[in-house]
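In the numbering used here, the protein residues as written are 2 to 138.
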């Protein structure tokens, strides 16, 4: 649908700042009116417990790389790093924004904070939820 409001949630499977915009990203946003990208802070249980900053830095790099690449092909997204789990990041975003589509660019098996994410997001919203497995470069 032209003019869709699209939310993209990226896990750390797309953590390669030197690669081009993945085909899934181009297809997901090609006709979008608004695009917002969220890169959740996804750390191990130990990094969460110890406030390790490396997962946050990876999320920032992942967000910047994705935003730069989308901008380079004519898409001008907004973006943010989230301290929340992927599900909580989506839920929080939906409290203040309406979306037509949610694109979950996540690994098939998921991180410990992503188990069951796709079904949980589908149960949280009336928006179309697209689950797109990402392959790391």
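Built from N, CA and C at the ideal position, the CB exists for glycine as well. Just so you know, these numbers come straight off a predicted model, no measurement behind them.
Let me know the secondary structure DSSP gives residue i once reduced to three states.
i: residue 123; result: helix
i: residue 98; result: coil
i: residue 41; result: strand
i: residue 138; result: Caution is warranted here: a pLDDT of 43 is assigned to residue 138, below 50, making its placement in the model unreliable, and the coordinate value is therefore given only provisionally. Looking at residue 138 - three-state DSSP - the assignment turns out to be coil, as it is neither helix nor strand.
i: residue 107; result: strand
Compute the Euclidean distance between the alpha carbons of residue i and residue j, then round it to the nearest angstrom.
i: residue 131; j: residue 30; result: 12 Å
i: residue 128; j: residue 55; result: 32 Å
i: residue 37; j: residue 75; result: 14 Å
i: residue 98; j: residue 35; result: 11 Å
How about residue i and residue j: are their beta carbons less than 9 Å apart?
i: residue 63; j: residue 33; result: no
i: residue 9; j: residue 104; result: yes
i: residue 40; j: residue 86; result: no
i: residue 78; j: residue 92; result: no
i: residue 107; j: residue 133; result: yes
Please work out which residues of its chain come closer than 7 Å, Cβ to Cβ, to residue i, disregarding the five sequence neighbours upstream and downstream, and give them in chain order.
i: residue 88; result: 118, 121, 122
i: residue 126; result: 95, 103
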